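In the UniProt record's numbering, the protein residues as written are 1 to 163.
Working notes for the structure below.
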């Protein structure tokens, strides 16, 4: 639900960001143009959000949203998978949590324990990562290494996946 809410907010924000930015507006007063833009954008956002069922629910409290932003549920998901003896999924959940909380001592300890049991490398997947993020990071690494043509191709792919 958290991801759906976040992605739906981003979708409406992108679709309504350029509403009425034209210079040929009916008024020449710049302050009125700004107010017009704000009102048209608010109307666009309201209409866009009416089309998404996630916005029909009551909005979650800020502390709940922060809990999901910090990926705290993955701390418990990791433990549940461990209890079910599904260590591969436990590693993925722990890795996802540690991406946002690298200094957490208990999950770092658990991850070190998993490393003693089997090769965890193939299971180190960020369950929250969007498809474009890994391509974007690869593009940045290629750019930093001076491979500009490959970097540009990967960046174009990341942008296409993002939109």
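Just so it is clear, CB atoms sit at the ideal spot from N, CA and C, and this is done for glycine as well.
Note that the coordinates shown come from a computational prediction; the quantities given were computed from them, not determined experimentally.
Sub-8 Å separation of residue i and residue j beta-carbons
i           : j           : result
residue 78  : residue 97  : yes
residue 119 : residue 99  : no
residue 162 : residue 143 : no
residue 40  : residue 19  : yes
residue 70  : residue 101 : yes
residue 52  : residue 2   : no
Candidates the options: closest to residue i by CA position
i           : options         : result
residue 107 : 161, 31, 66, 91 : 91
residue 155 : 81, 138, 40, 72 : 138
residue 76  : 34, 110, 8, 59  : 110
residue 117 : 82, 37, 160     : 82
residue 85  : 59, 61, 114     : 114
residue 61  : 37, 5, 80       : 5
Close Cβ partners of residue i (< 6 Å) along its chain, the five nearest in sequence each way excluded
i           : result
residue 136 : 158
residue 94  : 78, 107, 110, 111
Close Cβ partners of residue i (< 7 Å) along its chain, the five nearest in sequence each way excluded
i           : result
residue 123 : 88, 91, 92
residue 128 : 71, 96
Residue i CB to nearest heavy atom of the ligand ZN below 7 Å
i          : result
residue 66 : What this structure holds is no ligand at all, so the ligand ZN is not there to describe.
Cut-off 8 Å between Cβ atoms - residues of its own chain near residue i, not counting five sequence neighbours on either side
i           : result
residue 104 : 75, 97, 98
residue 140 : 151
Proximity test, Cβ basis, 8 Å: residue i and chain B
i           : result
residue 105 : Absence of chain B from the displayed structure is noted, only one protein chain being present.
Under 8 Å: do the segment 1–15 and the segment 37–55 share three or more Cβ pairs, one atom per stretch? yes
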